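Number of protein chains: 2
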Amino acid sequence: MGPVVAVVGGGQLARMMAEPAGALQIRLQALVEADDGATAQVVPYSQVGRADDAAAVAQIVEGADVLTFEHEHVPQPVLADLISRGVNVQPGPEALRHAQDKIIMRRRMTELGVPCPRWTAVSSAAELREQDVVRWPLVAKTPVGGYDGKGVQVLDSPDDAERVATWFDHPRGEVLLEERVEFRRELAVLVARRPTGEMRSWPVVETIQTGGVCAEVVAPAPDIPDHVAQDAIDVAEKIAEGLGVTGVLAVEMFEASDGVILVNELAMRPHNSGHFTIDAAVTSQFEQHLRAVLDLPLGETAMTAEVAVMVNLLGSDLEDPSSAYPRLMAEYPEAKVHLYGKSVRPGRKLGHVTVTGTDLPTVRRRAREAAALLGGR
Amino acid sequence: MGPVVAVVGGGQLARMMAEPAGALQIRLQALVEADDGATAQVVPYSQVGRADDAAAVAQIVEGADVLTFEHEHVPQPVLADLISRGVNVQPGPEALRHAQDKIIMRRRMTELGVPCPRWTAVSSAAELREQDVVRWPLVAKTPVGGYDGKGVQVLDSPDDAERVATWFDHPRGEVLLEERVEFRRELAVLVARRPTGEMRSWPVVETIQTGGVCAEVVAPAPDIPDHVAQDAIDVAEKIAEGLGVTGVLAVEMFEASDGVILVNELAMRPHNSGHFTIDAAVTSQFEQHLRAVLDLPLGETAMTAEVAVMVNLLGSDLEDPSSAYPRLMAEYPEAKVHLYGKSVRPGRKLGHVTVTGTDLPTVRRRAREAAALLGGR
Chain S
1 MGPVVAVVGG
11 GQLARMMAEP
21 AGALQIRLQA
31 LVEADDGATA
41 QVVPYSQVGR
51 ADDAAAVAQI
61 VEGADVLTFE
71 HEHVPQPVLA
81 DLISRGVNVQ
91 PGPEALRHAQ
101 DKIIMRRRMT
111 ELGVPCPRWT
121 AVSSAAELRE
131 QDVVRWPLVA
141 KTPVGGYDGK
151 GVQVLDSPDD
161 AERVATWFDH
171 PRGEVLLEER
181 VEFRRELAVL
191 VARRPTGEMR
201 SWPVVETIQT
211 GGVCAEVVAP
221 APDIPDHVAQ
231 DAIDVAEKIA
241 EGLGVTGVLA
251 VEMFEASDGV
261 ILVNELAMRP
271 HNSGHFTIDA
281 AVTSQFEQHL
291 RAVLDLPLGE
301 TAMTAEVAVM
311 VNLLGSDLED
321 PSSAYPRLMA
331 EYPEAKVHLY
341 GKSVRPGRKL
351 GHVTVTGTDL
361 PTVRRRAREA
371 AALLGGR
Chain Y
1 MGPVVAVVGG
11 GQLARMMAEP
21 AGALQIRLQA
31 LVEADDGATA
41 QVVPYSQVGR
51 ADDAAAVAQI
61 VEGADVLTFE
71 HEHVPQPVLA
81 DLISRGVNVQ
91 PGPEALRHAQ
101 DKIIMRRRMT
111 ELGVPCPRWT
121 AVSSAAELRE
131 QDVVRWPLVA
141 KTPVGGYDGK
151 GVQVLDSPDD
161 AERVATWFDH
171 PRGEVLLEER
181 VEFRRELAVL
191 VARRPTGEMR
201 SWPVVETIQT
211 GGVCAEVVAP
221 APDIPDHVAQ
231 DAIDVAEKIA
241 EGLGVTGVLA
251 VEMFEASDGV
261 ILVNELAMRP
271 HNSGHFTIDA
281 AVTSQFEQHL
291 RAVLDLPLGE
301 TAMTAEVAVM
311 VNLLGSDLED
321 PSSAYPRLMA
331 EYPEAKVHLY
341 GKSVRPGRKL
351 GHVTVTGTDL
361 PTVRRRAREA
371 AALLGGR
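Chains as they are written, first to last, in the UniProt record's numbering: chain S, 1 to 377; chain Y, 1 to 377.
Here's what the structure looks like:
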């Protein structure tokens, strides 16, 4: 009874889908990396298997209305095979390849007329040294498999080419070079889109990265001029439509010093920049993703608070971050704490805290302090 | 890693505890009635067994920090035995007996000086006919096991005594008689209390019953004078303290036409009158119950919306209420839908809808309309 959603991935994103799934009587069938991981702890139907194993993925789609993902690592041939067997895959492989390969993404963004940093693709260290499309210093990225600052290097001059020489050994063979944008701040827009085309976006947020990892999100982005916010949402919706994205699309952007929006990265799934929606929006990104991939009408995206700040817990000095609950909950009764059931490792995304309110400096300070307690700091 | 809570019961209340448990990395171990019931669908650790089976209850407390309940049906000897073996039971048996036996409850309320309808207890149909403490017509209640209008009868005159004659055959042997209160409306206060004494209450709500079953809850209670709201909260907190309740206590009350508050019923667990807190309060009653029984500091209980209306789905003309999602979600994008994974039976609590906003008539109308769609009406 009720819809059935198969989801590939056993981390915190699939874990957080379980909350709205329970409320909406949606049965989740998860393909997880380990039977005691973040998702398996809260989803009774969890099957252990690899995301690139066609047989494993085939198992969780049994009886499911749709197959979706918490990451981009299901190979295209596996997706093609599923579709040939009649499986409903959302987002589809055509959309998903733009989240799997940053060079394909950049090419398509350029075709769509979406503003991007200057970019080019090179096939060897020699080509990298000699290219004159992107000025030095530049940002080199592996087109596939990079995340959270991994697979990204700033190269100051052609002499640095050797630092990414091994990246060309990858079967993909190319490296993406991007202009190093002087930006005022980073923004993100989350938009959800259904197969039938309906779209809804949440308010534009500001994201604060530390070492390439999302550390903090402020919603809505403070003091953002209306036209900049509208530009950012227009860009995100243009991408969602142009790429035929279904489910949640996160578009990470730079706000350049002149107010121009440039697209940085895409993710086709719930995203760290949208965690605040659980506690501060009428419809959370996790509920919306499930609705969207099931082609159900989308929920309202208005915020339920004037201001929300989400702070990530990246690693912890505590063996068990929940041991900070007594002090945290006593001092921050308004804090919404989320821990993902993961063992502590340096820099690992272990959880997050969201605080809402009306005064941004207070909300931000309290969210940071509460998260610091979970970190034993 | 993280706290572990054993919970007796496999219905919608334990099911809804799973959401905040996931967020707070609290492991739930549930004793459920069926392995495919409301709770078992969303809680990986679900053990099938009876609430009155000491061995079954003993199994789920293995490794748990605390044992709690979604209903009042664990017999006192089972609780006493668990405590003698060192199990932390919250709420404890001494508090819980007041939710298990309405005569014990009335006696204790009277001792505490809490305003109640006039009441008496009788041991036979003859005694019932002859009593002159409570005026006719009166309300007769079985002291144990009644719920949702079951075990409650309005008796117009001594001639009606025969209608409850079989109730005296119950081992408990007594029947509770209560004055039939002329009330303006019904109110409820939810308060959470920790073993160390901290208490927090949510705003007073109005409840609307149909045939003894909660149909609708309006939060906060509309146009309630400050002193009446304060009286209601004072009464609830006096009871929580006086009875040593831990976890969530729901106090159902009558607001008499003169503004006097009279206590009707108690429940020592999350309660239907508090479902609105999931979508309309900083801390939901389910999160608060888990925090309270774990003796963790309590969360803020302020509402996140001006007005919230929760409407129950009682039975449905649809075989699968979720088949109404396409229309419901298109027409009511702001509605928060909760279905409990239960098969449809007439009058059964299958789910609820909460709508928030600023204008009560609009919010109420839209919540009712959305719930009616789930009912196929």
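Note that CB positions come from ideal geometry on N, CA and C, so glycine has one too.
Only a predicted model underlies this, so the values are computations on that prediction, with no experimental measurement involved.
| message | Rounded to the nearest angstrom, what separates residue 124/S and residue 168/S at their Cα positions? | response | Along the first sequence, read from residue 1 onward, the residue named residue 124/S stands at position 124. Along the first sequence, read from residue 1 onward, the residue named residue 168/S stands at position 168. Rounded to whole angstroms, residue 124/S to residue 168/S spans 6 Å at the Cα level.
| Whose CA, out of 279/Y, 325/Y, 217/Y, 321/Y, lies closest to the CA of residue 311/Y? | Taking the first residue of the second sequence as position 1, residue 311/Y is located at position 311. Nearest neighbour of residue 311/Y by Cα position, chosen from 279/Y, 325/Y, 217/Y, 321/Y, turns out to be 217/Y.
| request: Inspect the beta-carbon positions of residue 244/Y and residue 34/Y and report whether they are closer than 7 Å. | output: Taking the first residue of the second sequence as 1, we reach residue 244/Y at position 244. Taking the first residue of the second sequence as 1, we reach residue 34/Y at position 34. Not a contact, by the Cβ cut-off of 7 Å.
| said: In the DSSP output, which residue or residues are listed as bridge partners for residue 339/S? | reply: The residue you call residue 339/S lines up with position 339 of the first sequence. Listed as beta-bridge partners of residue 339/S by DSSP are 351/S.
| query | Of the choices 248/Y, 275/Y, 327/Y, 273/Y, whose alpha-carbon is the least far from that of residue 294/Y? | reply | Translated into the one-based positions of the second sequence, residue 294/Y becomes position 294. For residue 294/Y, the nearest C-alpha among the options comes from 248/Y.
| field | Straight-line Cα distance separating residue 55/Y from residue 98/Y | value | To locate residue 98/Y, count along the second sequence from 1; it is residue 98. To locate residue 55/Y, count along the second sequence from 1; it is residue 55. In this structure, the alpha-carbon of residue 98/Y lies about 24 Å from that of residue 55/Y.
| field | Endpoints, the beta strand (DSSP E) within which residue 122/Y is located | value | As a first step, residue 122/Y must be located in the second sequence, where it is residue number 122. Residue 122/Y -> beta strand (DSSP E) spans 119 to 122.
| What separation, rounded to the nearest whole angstrom, lies between the Cα atoms of residue 334/S and residue 242/S? | One-based indexing of the first sequence puts residue 334/S at position 334. One-based indexing of the first sequence puts residue 242/S at position 242. Inter-residue distance for residue 334/S and residue 242/S is about 40 Å (C-alpha atoms, whole angstroms).
| task | Name the one or two DSSP bridge partners that residue 261/S has. | result | If you number the first sequence from 1, residue 261/S lands on position 261. Looking at the DSSP assignment, residue 261/S forms a beta bridge with 255/S.
| request: Look at the alpha carbon of residue 215/S and the alpha carbon of residue 267/S, and state the distance between them as a whole number of angstroms. | output: Locating residue 215/S in the first sequence gives position 215, counting from the first residue. Locating residue 267/S in the first sequence gives position 267, counting from the first residue. When rounded, the separation of the alpha-carbon atoms in residue 215/S and residue 267/S is 17 Å.
| Among 372/Y, 191/Y, 151/Y, 368/Y, which has the Cα closest to the Cα of residue 301/Y? | As a working note, residue 301/Y is residue 301 in the second sequence. Considering only alpha carbons, the answer is 191/Y.
| query | Mind pulling the chain S residues with CB within less than 8 Å of residue 37/Y? | reply | As a first step, residue 37/Y is located in the second sequence; it is residue number 37 there, counting from the start. Scanning chain S for C-beta atoms nearer than 8 Å to the C-beta of residue 37/Y yields nothing, as the closest lies near 12 Å away.
| What's the call for residue 165/S, buried or exposed, on a 16-neighbour Cβ count within 10 Å? | Start at 1 with the first residue of the first sequence, and residue 165/S comes out as number 165. Around the CB of residue 165/S, fewer than 16 other CB atoms lie within 10 Å, so the residue is classed as exposed.
| Pair within 7 Å by beta-carbon distance, residue 60/Y and residue 31/Y | Residue 60/Y sits at position 60 when you count from the first residue of the second sequence. Residue 31/Y sits at position 31 when you count from the first residue of the second sequence. Taking 7 Å as the cut-off, the beta carbon of residue 60/Y is found closer than this to the beta carbon of residue 31/Y.
| What does residue 300/S touch in chain Y if you count any residue whose Cβ is under 8 Å from its own? | Walking along the first sequence from the start, residue 300/S turns up at place 300. Close partners of residue 300/S in chain Y (Cβ separation under 8 Å): 333, 334.
| said: Does any residue of chain S have a CB that is nearer than 7 Å to the CB of residue 10/Y? | reply: Against the second sequence, residue 10/Y aligns to sequence position 10. In terms of beta-carbon proximity, residue 10/Y stays away from the interface with chain S, with every pair separated by 7 Å or more.
| request: Taking C-beta pairs closer than 9 Å, name the residues in chain S that residue 337/Y reaches, listed in chain order. | output: Walking along the second sequence from the start, residue 337/Y turns up at place 337. Among the residues of chain S, those whose CB is under 9 Å from the CB of residue 337/Y are 23, 24, 25, following chain order.
| Which residues of chain Y have a Cβ atom closer than 9 Å to the Cβ of residue 7/S, listed in chain order? | Position 7 of the first sequence holds residue 7/S. Within chain Y, no residue has its CB atom less than 9 Å from the CB of residue 7/S, the nearest being about 15 Å off.
| task | With 7 Å as the threshold, decide whether the Cβ of residue 296/S is near any Cβ in chain Y. | result | As a working note, residue 296/S is residue 296 in the first sequence. Yes - at least one Cβ of chain Y is within 7 Å of the one on residue 296/S.
| query | Would you say residue 341/S faces chain Y, with C-beta separation under 7 Å as the test? | reply | In the first sequence, residue 341/S corresponds to position 341, counting from 1. Chain Y, which has a Cβ nearer than 7 Å to the Cβ of residue 341/S, makes this yes.
| task | Sort 146/S, 129/S, 13/S by Cα distance to residue 159/S and report the nearest one. | result | Sequence index remark: in the first sequence, residue 159/S carries index 159 (1-based). For the set 146/S, 129/S, 13/S, the Cα lying nearest the Cα of residue 159/S is the one of 129/S.
| request: Apply the 10 Å Cβ neighbour rule to residue 84/Y and answer buried if 16 or more other Cβ atoms are within range, or exposed otherwise. | output: Reading the second sequence from its first residue, position 84 is the one you call residue 84/Y. Its Cβ having fewer than 16 others within 10 Å, residue 84/Y is exposed.
| query | Does residue 304/S have its Cβ less than 7 Å from a Cβ in chain Y? | reply | Locating residue 304/S in the first sequence gives position 304, where the first residue counts as 1. Residue 304/S counts as touching chain Y.
| message | Suppose you measure from the CA of residue 39/Y to the CA of residue 12/Y; what does that come to, to the nearest Å? | response | Numbered from 1 along the second sequence, position 39 holds the residue referred to as residue 39/Y. Numbered from 1 along the second sequence, position 12 holds the residue referred to as residue 12/Y. Cα-Cα distance, rounded: 7 Å.
| field | Identity of the residues DSSP links to residue 312/Y by a beta bridge | value | Locating residue 312/Y in the second sequence gives position 312, where the first residue counts as 1. Answer is 352/Y.
| task | Decide if residue 287/Y is buried, meaning its Cβ has at least 16 other Cβ atoms within 10 Å, or exposed. | result | For the purposes of this step, residue 287/Y is taken as residue 287 along the second sequence, with counting starting at 1. With 16 or more neighbouring CB atoms inside 10 Å of its own CB, residue 287/Y falls in the buried class.
| message | Can you give me the C-alpha to C-alpha distance between residue 183/Y and residue 314/Y, rounded to a whole angstrom? | response | The count along the second sequence starts at 1 and reaches residue 183/Y at position 183. The count along the second sequence starts at 1 and reaches residue 314/Y at position 314. Roughly 24 Å between the two C-alpha positions.
| task | Go to residue 287/S, then tell me how far its alpha helix (DSSP H) extends in each direction, as first and last residue. | result | For the purposes of this step, residue 287/S is taken as residue 287 along the first sequence, with counting starting at 1. It spans 285 to 293 - the alpha helix (DSSP H) in which residue 287/S sits, taken as one unbroken run.
| task | Pull up the distance between the alpha-carbon of residue 275/S and that of residue 261/S, whole angstroms please. | result | On the first sequence, residue 275/S is found 275 positions in, with the first residue counted as 1. On the first sequence, residue 261/S is found 261 positions in, with the first residue counted as 1. About 22 Å.
| field | Spatial neighbours of residue 377/Y in its chain, beta-carbon cut-off 8 Å, leaving aside the 5 residues before and after | value | On the second sequence, residue 377/Y is found 377 positions in, with the first residue counted as 1. Residues 317 of the same chain have their beta carbon placed closer than 8 Å to that of residue 377/Y, with the five preceding and five following residues left out of the count.
| request: Taking residue 100/Y and residue 66/Y to be in contact with their CB atoms under 8 Å, please state how far apart those CB atoms are, rounded to whole angstroms. | output: Position 100 of the second sequence, counting from 1, holds the residue named residue 100/Y. Position 66 of the second sequence, counting from 1, holds the residue named residue 66/Y. At roughly 19 Å, the Cβ-Cβ gap does not stay under 8 Å, so residue 100/Y and residue 66/Y are not in contact.
| task | Can you give me, in chain order, the residues of the segment 309 to 335 of chain Y that have a beta carbon less than 7 Å from any beta carbon in chain S? | result | Taken in chain order, the members of the segment 309 to 335 of chain Y whose beta-carbon sits within less than 7 Å of a beta-carbon on chain S are 320, 322, 325, 326, 329, 330, 333, 334.
| field | Listed by chain order, chain S residues near residue 346/Y by CB distance under 8 Å | value | On the second sequence, residue 346/Y is found 346 positions in, with the first residue counted as 1. Annotation: residue 346/Y has no Cβ neighbours in chain S at a cutoff of 8 Å; minimum Cβ distance is about 17 Å.
| query | At a Cβ cut of 7 Å, what residues of the segment 198 to 209 of chain Y count as close to chain S, listed as they run along the chain? | reply | Residues: none.
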